[in-house]
């Protein structure tokens, strides 16, 4: 199995990279501009991976408010480009996201089916 790991230098991506074995392509920030949807699509296409693991994100929450266009490019447009290319190639896309869509009041771990309630 061939995997493409995006965001390998981030907190989640580093943990994933340590646990993955086999043929893993993990371009760094200097190799892939996540704000460029065309470049993201080309990366997915060129990798010809069976699975694309997206752990990349614009995570500077305060900065995202002042640079919402960039945050949207990285957190919405890039994953959309990944999804389109994966659909064309028949590859699986696994997208990791933040837990900041919850309000933090649950006494048990959140499940992806739980209702969202962001606080900001």
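In the working numbering, the protein residues as written are 19 to 138.
All C-beta atoms in this analysis are idealised placements derived from N, C-alpha and C, irrespective of residue type, glycine included.
Just so it is clear, the structure is predicted and the values come from calculations on it, not from any experiment.
What residues in its chain sit with their C-beta under 6 Å from that of residue 25, if we drop five residues either side in the sequence?
-> Counting from one through the chain shown, the residue named residue 25 turns up at place 7. Cβ within range, chain order: 31, 73, 74.
Of all the alpha helix (DSSP H) runs that stay within the bounds of the stretch 30-96, which reach a length of 4 or more residues?
-> 55-65, 79-84, 86-90
Just checking my contact of residue 109 with residue 55 at CB under 8 Å: how many whole Å lie between their CB atoms?
-> The residue given as residue 109 occupies position 91 in the chain shown. The residue given as residue 55 occupies position 37 in the chain shown. No, residue 109 and residue 55 are not in contact; Cβ-Cβ is about 17 Å, not under 8 Å.
For residue 91, count neighbouring C-beta atoms within 10 Å of its own C-beta (all shown protein chains included) and say buried if the count is 16 or more, exposed if not.
-> The residue you call residue 91 lines up with position 73 of the chain shown. Answer is buried; the Cβ neighbour count reaches 16.
So residue 112 is in the beta strand (DSSP E); what residue range does that whole segment cover?
-> Position 94 of the chain shown holds residue 112. It spans 110-113 - the beta strand (DSSP E) in which residue 112 sits, taken as one unbroken run.
Could you work out which residue in 20, 94, 131 is closest to residue 62 when comparing CA atoms only?
-> Taking the first residue of the chain shown as 1, we reach residue 62 at position 44. Nearest option by C-alpha distance: 20.
Provide the residue span of the beta strand (DSSP E) that contains residue 21, from first to last.
-> Working through the chain shown from its first residue, we reach residue 21 at position 3. Looking at the DSSP string, the run of the beta strand (DSSP E) that includes residue 21 is 20-24.
Do you know how far the Cα of residue 35 is from the Cα of residue 42?
-> For this step, residue 42 is matched to residue 24 along the chain shown. For this step, residue 35 is matched to residue 17 along the chain shown. Approximately 8 Å between the Cα atoms of the pair.
Figure out for me which residue from 50, 29, 40, 27 has the closest Cα to the Cα of residue 100.
-> Residue mapping note: residue 100 aligns to position 82 of the chain shown, counting from 1. Ranking 50, 29, 40, 27 by Cα distance to residue 100 puts 50 first.
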